[in-house]
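Working notes, structure below.
Residue numbers (my numbering), protein chains in the order written: chain V, -11 to 237; chain F, -11 to 237.
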């Protein structure tokens, strides 16, 4: 199979936050999850579970805890992607005849990576089938509540949600950092070495926001990163993860 | 664009570990990285850097530290994907006029997720263009050495490598867990509830390994997970990450 158009599909990616009422065929949804499962998995751990949230009451609660994102409530599908070492723990410990340890930071990292690779396959497969998607990192506003809502046991971490549906909008693509600042050759080059390129990018992002907001929002990328570093820290995260059995060492 | 064949491409994914001598056109490589950049990024942080390793001496050292994986040395391209908060720290702190804090666990998680989403776009774009890939988690055998080899500053974590090239093999696809054990409805269902399904899967994996190894390897998935939980823990990971400035809190 040779599909160079896919590179164009990937470049055209935008998050979709407004959807039509059209439902997603359950056969297609299963195909998307199967595509997700086909992604690479670190040493075959397959440390991913997906919770499909259909219940309207649950959806409302997710929309609220994610910061009042209405599309979480109304999208055709809302999936919660979990880094899942519980399954491995259950199965591996049974073989060993004793409780094995899954509290190493390395194991947490591999499970989170597995989850993101899986989800990105779902997203691409969805977009290739005419759907639009929006990752919902906002579920990490209150991971403890998500854990309760979905009855997540130890060693399961809800990394992000995903809204899926047929797009009812076509937003502009959000500009990305210049390629040269991201692709390094043989050694890392600091942002200090790329000051001029990133300054230029900052101006480009400011224009983008001004245009999209009809002049109401003026913010460079660096300004946005600055504001965010001071606000979106979710300071409870390490304690939450330890409560879930991750990263004790 | 409507490309349902892409779902089939994703399902056909296998890691490729033997490549032809054919080089990758630099224009194509840039396209792949651009596709990676187009992936979703948590709150626009774009916390990813890629180091393209061309230098033969460096390649040899990577092949060795990854556990003697020869294809790391010989693949047309070898890329190291880094979760990079250093750039954000540099830029955001300059705007703020003071050193901002990027040591929260939440920030680490979002940077790792960004890196995996980016990399998976590169992989899919590569495969759609006839290339084969293999993620190299083995660079985490010695992240401190990787950090030195690539001169990675604080707040840059080499998450995995990626070998890229034109395939010179066509291995069998590795069987995945049954869909029903991975896709949950409205609440998490424990592996205990799926004991029969996973037992059946275990038998399937044992057959797969026996067939591939001409009877030399007999191992279920659960047995493999058990062995791995006892060996592949990379116990230094938390300390290394803290040394790099991540996850102090």
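The C-beta atom is built at its ideal place from N, Cα and C for all residues, glycine as well.
Check, Outcome
"One or two residues paired with residue 72 (chain F) in a DSSP bridge", "F:144"
"Residue of V:21, V:50, V:42 minimising C-alpha distance to residue 36 (chain V)", "V:21"
"Where residue -8 (chain F) sits in the DSSP three-state scheme", "coil"
"For residue 37 (chain V), the first and last residue of its enclosing beta strand (DSSP E)", "36 to 40"
"Near-chain V residues of the segment 26 to 39 of chain F - C-beta to any C-beta below 9 Å", "26, 27, 28, 29, 30, 31, 32, 33, 34, 36, 37, 38, 39"
"Integer Cβ distance of residue 117 (chain F) from residue -5 (chain V), believed to fall under 8 Å", "7 Å"
"Cβ pair residue 174 (chain V), residue 43 (chain F) closer than 8 Å", "yes"
"Sequence ranges, alpha helix (DSSP H) only - wholly within the segment 0 to 52 of chain F, length at least 4", "14 to 25"
"CB contact below 8 Å: residue 88 (chain F) versus chain V", "yes"
"At least 3 beta-carbon pairs within less than 8 Å: the segment 81 to 89 of chain F vs the segment 172 to 189 of chain F", "no"
"Chain-ordered residues of the segment -6 to 12 of chain F with a beta carbon less than 8 Å from chain V", "-6, -5, -4, -3, -2, -1, 0, 1, 3"
"Inter-residue CB distance, residue 1 (chain F) and residue 26 (chain V) (contact presumed, cutoff 8 Å)", "5 Å"
"8 Å Cβ cutoff met for residue 4 (chain V) and residue 120 (chain V)", "yes"
"Minimum Cβ-Cβ distance from residue 176 (chain V) to chain F less than 8 Å", "yes"
"Residue-level contact to chain V via CB, residue 142 (chain F), 8 Å cutoff", "no"
"Under the three-state DSSP convention, the category residue 126 (chain V) falls into", "helix"
"Per-residue DSSP class, three states only, for residue 131 (chain F)", "helix"
"Contact list for residue 218 (chain F) against chain V, beta-carbon separation under 8 Å", "84, 88"
"Beta-carbon proximity list for residue 95 (chain V), same chain, < 7 Å, skipping 5 on both sides", "73"
"Distance between residue 186 (chain F) and residue 192 (chain F) (C-alpha atoms, nearest Å)", "10 Å"
"Terminal residues of the alpha helix (DSSP H) in which residue 230 (chain V) lies", "225 to 231"
"Status (buried if at least 16 other CB within 10 Å, exposed otherwise) for residue 158 (chain V)", "exposed"
"Interface residues of the segment 186 to 207 of chain F facing chain V [CB-CB below 9 Å]", "186, 190, 193"
"Whole-angstrom distance between residue 142 (chain F) and residue 78 (chain F), CA atom to CA atom", "11 Å"
"Reduced DSSP secondary structure (H/G/I, E/B, other) of residue 66 (chain F)", "strand"
"Interface flag, residue 171 (chain V) vs chain F, CB-CB below 8 Å", "yes"
"Spatial distance of residue 16 (chain F) from residue 59 (chain F) (CA atoms)", "20 Å"
"Chain F within 8 Å of residue 80 (chain V), Cβ atoms only", "yes"
"Where residue 146 (chain F) falls, given that 16 or more other Cβ within 10 Å makes a residue buried", "buried"
"At least 3 beta-carbon pairs within less than 8 Å: the segment 190 to 207 of chain F vs the segment 148 to 163 of chain V", "no"
"Closest residue to residue 244 (chain F) among F:151, F:224, F:190, F:31 (Cα-Cα distance)", "Coverage of chain F is limited to positions -11 through 237, which leaves residue 244 (chain F) absent and any answer about it impossible."
"Under the three-state DSSP convention, the category residue 150 (chain V) falls into", "strand"
"Beta carbon of residue 239 (chain V) nearer than 8 Å to that of residue 171 (chain F)", "Since the first residue of chain V shown is -11 and the last is 237, residue 239 (chain V) is not available in this structure."
"Simplified DSSP assignment, three categories, for residue 171 (chain V)", "strand"
"Residue 120 (chain F), DSSP secondary structure in three states", "strand"
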